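Everything below concerns the one structure shown next.
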Amino acid sequence: MAKDTSSVGELQVSKCYCETGRKRHRISTSISIPFEANHPAVDTNQINVDDQSIDDTSDSEEEVIVQDDVDIIDNENVLEGVTVMDLADDLAFIEALEPAEPDDLSTDGLFDPGMDDFDDFTDQEPTTEPDGALEEEGPPRVATWRLNLTALSQVYNIYIVAYADKIYVSRPRSCITNSLPAEPDLILRPQASAMGIEVGGYLDNVFPHQVNHMIVGNLGEEEILLLAYDDGDVIGYYTRSIEKELLRREREGRDNETIPEPFFHENVGKSAWGLAVHKNSRLIAVSSNSHNVCVFVFALTGKSYRHNPAADSVEFFRNVAKDSNGDVMEWLNGRSLPVRGSNQVHKKSLEKAIRRRDANWRVIMETGPEGSNIPNVAFGSDDTGEADKVVAIDINGVLWIMDIWQFQPFVKIDDIYSARSRVRFNYDFRKPRGWGVLVLPESNFLPAADYRDSLGLDKDNIRYVSNDKIGNWLDISKGVKNIKNNSSVHPWVRWDKISRFAFNPVERRASLSGSSWFDFDHKTKLPEISSAPDSSSAKTSSEFVEGPKTILTDGSSIMRTYELDIELRSFEEGGTGIMFEKVIDQSRPPHAVIPAMRISHERLANLIHVPELSLVVAGSLCGRVALVTLTRPPKGFPFKRGFKVEAILPLKRDEDNDMRSICPLLGVAVGPVPFSGNVDRASGPVGRRRYRVMLQYYDLRILSYEISRNSSTDPLFIA
């Protein structure tokens, strides 16, 4: 077999630019910023970063160049100390939450995308906000314990962040530092729908109309901003309309301001979380705490959708619901009920009616009593094909594959922890929960040369699992040692500031990080590289030899994330998947918790796919973000698609320089650097596009990086 000499281009990560919220918003020292902590003093005259990659694995101090327009830390405005929580009060609250039977973890409140087991919401002030621009009394107020609340447009130079019910839109003032103005260039204040007011809040009944999640994506030829709210509202804006208003204000000032109107405003009946948009099929999918997924199918002919705030959404959508068995349900007054006498003829007529797309349809897919709250969803094909399925992950870690156009039973894929020898997860050892899902087409996996190039570690450090319950897996968890400039120990431990931790004897995270996902006592040898031809493309003189059946129609792969772990499932039945355990974990004392977080909040829930870089950006509420490269090994290897973690942000050098906030992550945003990768229509691409990654924390601090690849063989050029 000829040796494949292709190699994955190394991911380049620039130096970090840091801007504190206090300096950006010009907040007086007399006004407190929630979640802002006292950081160790940093001598900015001695900080230098000139390394544009992540090659530095040295533990020694680095020399870094600091530009005048970059704020490393606002030392004169930091607050004094961090309040350690009152453990006695917390224990009383914990006891009130404990189930009657310690092994019974079925209570929705304990497995909710907005709550961890012992989150104490009673110590948070109601998030009531006055109308107006930037709040005069202090900083903008964040909605806590949600999913991603920041985004970058992929078309325009626009940074968007959700604060409670308001959407701040700003034009970054620098393509290098991504610095933002003191006041946003535009504030969107979409009002709650009549149904949203009736539904109320799941996380906050006092102020239910707060954003849980936001994404940008393409719906047809238009880029949209899509927002999911705690009261079940789902609201969409065209970014073109936002850009148009920004340009008008830049030309004419803020006189006679106009506020862009949403083109889409619906309600899904309960707290909305997961969001997905499909470009080619023009579909929107929304998951909720109703344990279902709503797919909004826009008419391609006939009466098109027109948002009218004064009208009931029933006017625009015909509703049809189906259960996990593929049976037709009737949707009445916000509830789905089985249709009496449902038969195949009725199903087929509905399938044909929906596929004609001469009307707007809302297709509600119910997971039923087997399902749970669904934090994330994705469409089961890439944007260039036709979407035929929705892939959802519920909080129990179960994947649901649901057919959009046909009334077929849902495919249910359990988590891979069930093969562990300790099958019963009791009160002291709880099964990790599901948070994120992505569908990744084969074209986004870069060709790699060998095991290390494909998975980030040598063959000898890979553990092979073959089990009747979960199939075949490669465990690459030992690759964490090869992640360059990675901080494996919590900064407060490295800084000898352990006194800042609070200690909780029932802290959930201690059980999460204490055991492996599989019982590796009985080692299984990794299969050898095969020189046999790929069976999927083999032919005989008389017949075509069919290859293994793919899980999704177009052969895309499914990535599933938990609290600490990343799993890439094989795209075909019987194939080999990849598991990376405890990716974003940092060592700290047993049962130690961050006071600002109450208990730990590792949730790899914020997943952003960057096809041009063959990259997945996986952000966690704990404040760390993994950069994951998708790879494809040469033929004959025991797996066909893999991944490697190339970096975790903030880098160790940035934590050592005190840039990381020790509080939850409000959001991670990824977008192309403006004016990078210019295209000459006559001669083709003349430059490659670079991307910026912006991490914003609850204390309003933003860390910015620039990422790119260094191999000329990588698909980085703009077509």
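Each residue of the sequence shown is one higher than the one before, counting from 1 in full-length UniProt numbering. Quick reminder that beta carbons are idealized off the backbone N, C-alpha and C, glycines included. Keep in mind it's a predicted model, so treat the numbers as computed, not measured.
**Request:** Would you kindly work out how many angstroms separate the C-alpha atoms of residue 529 and residue 235, rounded to a whole number?
**Result:** Position 529 of the sequence shown, counted from the start, is the residue given in the question as residue 529. Position 235 of the sequence shown, counted from the start, is the residue given in the question as residue 235. Looking at the two C-alpha atoms, the distance is approximately 50 Å.
**Message:** When you compare the CB positions of residue 649 and residue 695, do they come within less than 8 Å of one another, or not?
**Reply:** Residue 649 sits at position 649 when you count from the first residue of the sequence shown. Residue 695 sits at position 695 when you count from the first residue of the sequence shown. Contact: yes.
**Item:** Host alpha helix (DSSP H) of residue 195 (start-end)
**Value:** The residue labelled residue 195 in the question sits at position 195 within the sequence shown. Run containing residue 195: 194-199, per the alpha helix (DSSP H) assignment.
**C-alpha distance - residue 432 paired with residue 254, whole-angstrom precision** = Position 432 of the sequence shown holds residue 432. Position 254 of the sequence shown holds residue 254. About 50 Å.
**Prompt:** In the structure shown, what three-state DSSP assignment does residue 586 receive?
**Reply:** Numbered from its first residue, the sequence shown carries residue 586 at position 586. Looking at residue 586 - three-state DSSP - the assignment turns out to be coil, as it is neither helix nor strand.
**Request:** Spatial neighbours of residue 241 within its chain, please: CB distance less than 6 Å, with the 5 preceding and 5 following residues excluded, ordered by chain position.
**Result:** Taking the sequence shown and counting its residues from 1, the one referred to as residue 241 is at position 241. If we look at residue 241 and ignore the five residues flanking it on each side, its Cβ neighbours are 260.
**Prompt:** Along the chain, where does the alpha helix (DSSP H) that runs through residue 406 open and close?
**Reply:** By 1-based counting over the sequence shown, the position of residue 406 is 406. Looking at the DSSP string, residue 406 is not in any alpha helix (DSSP H), and its letter there is neither H nor E.
**Prompt:** Does the distance from the C-beta atom of residue 392 to that of residue 374 stay below 8 Å?
**Reply:** Here the question's residue 392 lines up with position 392 in the sequence shown. Here the question's residue 374 lines up with position 374 in the sequence shown. Cβ distance < 8 Å, so residue 392 and residue 374 count as in contact.
**Asked** Which value, in whole angstroms, describes the spacing of the CA atoms of residue 482 and residue 450?
**Response** Counting from one through the sequence shown, the residue named residue 482 turns up at place 482. Counting from one through the sequence shown, the residue named residue 450 turns up at place 450. Using only the alpha carbons, I get a separation of about 16 Å.
**Message:** Contact between the segment 633-644 and the segment 653-664 is defined here as three or more beta-carbon pairs at a separation below 8 Å; is this criterion met?
**Reply:** no
**For residue 17 and residue 156, the rounded distance between their alpha carbons** = In the sequence shown, residue 156 corresponds to position 156, counting from 1. In the sequence shown, residue 17 corresponds to position 17, counting from 1. Cα-Cα distance, rounded: 21 Å.
**Prompt:** Between the segment 195-207 and the segment 576-591, do at least 3 Cβ pairs fall closer than 8 Å?
**Reply:** no
**Item:** Same chain, Cβ closer than 8 Å to residue 607, five either side skipped, listed in chain order
**Value:** By one-based count along the sequence shown, residue 607 stands at place 607. Hits under 8 Å: 376, 436, 437, 438, 559, 561, 616, 617, 618, 619.
**Request:** With DSSP collapsed to three states, give me the class of residue 705.
**Result:** In the sequence shown, the residue the question calls residue 705 occupies position 705. DSSP places residue 705 in strand when its eight states are reduced to three.
**Asked** Going by DSSP, what residues sit across from residue 379 in a beta bridge?
**Response** Here residue 379 corresponds to residue number 379 of the sequence shown, with the count starting at 1. 390.
**Item:** Segments assigned alpha helix (DSSP H), at least 4 residues, entirely inside the segment 189-268
**Value:** 194-199, 239-252
**Prompt:** Just the Cα atoms here: how many angstroms apart are residue 64 and residue 601?
**Reply:** Your numbering for residue 64 matches position 64 in the sequence shown. Your numbering for residue 601 matches position 601 in the sequence shown. A caution first: residue 64 carries a pLDDT of 28, below 50, which makes its placement in the model unreliable, though a value can still be read off. The alpha-carbon atoms of residue 64 and residue 601 are separated by roughly 31 Å.
**Request:** Report the three-state DSSP secondary structure of residue 645 (helix, strand or coil).
**Result:** Walking along the sequence shown from the start, residue 645 turns up at place 645. DSSP places residue 645 in strand when its eight states are reduced to three.
**Prompt:** Where does residue 635 sit, in a helix, a strand or coil, going by DSSP?
**Reply:** Here residue 635 corresponds to residue number 635 of the sequence shown, with the count starting at 1. Reduced to three states, the DSSP call for residue 635 is coil.
**Request:** Throw me the rounded Cβ distance for the residue 293 and residue 214 pair, which I believe falls under 8 Å.
**Result:** As a position in the sequence shown, residue 293 is number 293, starting the count at 1. As a position in the sequence shown, residue 214 is number 214, starting the count at 1. Not really, about 18 Å apart at Cβ, beyond 8 Å.
**Prompt:** Does the separation of the CB atoms of residue 690 and residue 668 fall below 8 Å?
**Reply:** Position 690 of the sequence shown, counting from 1, holds the residue named residue 690. Position 668 of the sequence shown, counting from 1, holds the residue named residue 668. Their beta carbons are not under 8 Å apart, which means residue 690 does not touch residue 668 by this criterion.
**Beta-carbon proximity list for residue 455, same chain, < 6 Å, skipping 5 on both sides** = Taking the first residue of the sequence shown as 1, we reach residue 455 at position 455. Closer than 6 Å at the Cβ level, and outside the excluded window around residue 455, lie 476, 642, 644.
**Request:** Quick one: grab the DSSP three-state call for residue 606.
**Result:** By 1-based counting over the sequence shown, the position of residue 606 is 606. Strand, per DSSP.
**Message:** Let me make sure I understand the geometry here. Which of 604, 491, 611 has the alpha-carbon closest to that of residue 652?
**Reply:** Working through the sequence shown from its first residue, we reach residue 652 at position 652. Closest by alpha carbon: 491.
**Prompt:** Do the CB positions of residue 462 and residue 613 come within less than 8 Å of each other?
**Reply:** Position 462 of the sequence shown, counted from the first residue, corresponds to residue 462. Position 613 of the sequence shown, counted from the first residue, corresponds to residue 613. Contact flag unset, no.
**Asked** Does the distance from the CB of residue 280 to the CB of residue 384 come in under 8 Å?
**Response** Position 280 of the sequence shown, counted from the start, is the residue given in the question as residue 280. Position 384 of the sequence shown, counted from the start, is the residue given in the question as residue 384. Yes; because the gap between Cβ atoms is below 8 Å, this pair is in contact.
**Request:** Indicate whether at least one CB of chain C lies closer than 8 Å to the CB of residue 356.
**Result:** Looking at the structure shown, chain C is missing, and only one protein chain is on hand.
**Prompt:** What does a CB cutoff of less than 6 Å around residue 125 pick up in its chain, not counting 5 residues either side in sequence?
**Reply:** By 1-based counting over the sequence shown, the position of residue 125 is 125. In this predicted model, residue 125 has a pLDDT of only 38, less than 50, meaning its place in the structure is not dependable enough to derive any value.
**Asked** So what does DSSP say about residue 355, is it helix, strand or coil?
**Response** Counting from 1 along the sequence shown, the entry for residue 355 is found at position 355. Note: residue 355 maps to helix in three-state DSSP.
**Asked** Between the C-alpha atoms of residue 321 and residue 329, what's the straight-line distance to the nearest angstrom?
**Response** In the sequence shown, residue 321 corresponds to position 321, counting from 1. In the sequence shown, residue 329 corresponds to position 329, counting from 1. Going from the Cα of residue 321 to the Cα of residue 329 covers about 5 Å.
**Prompt:** From what residue to what residue does the beta strand (DSSP E) around residue 166 run?
**Reply:** Position 166 of the sequence shown, counted from the first residue, corresponds to residue 166. Residue 166 -> beta strand (DSSP E) spans 166-170.
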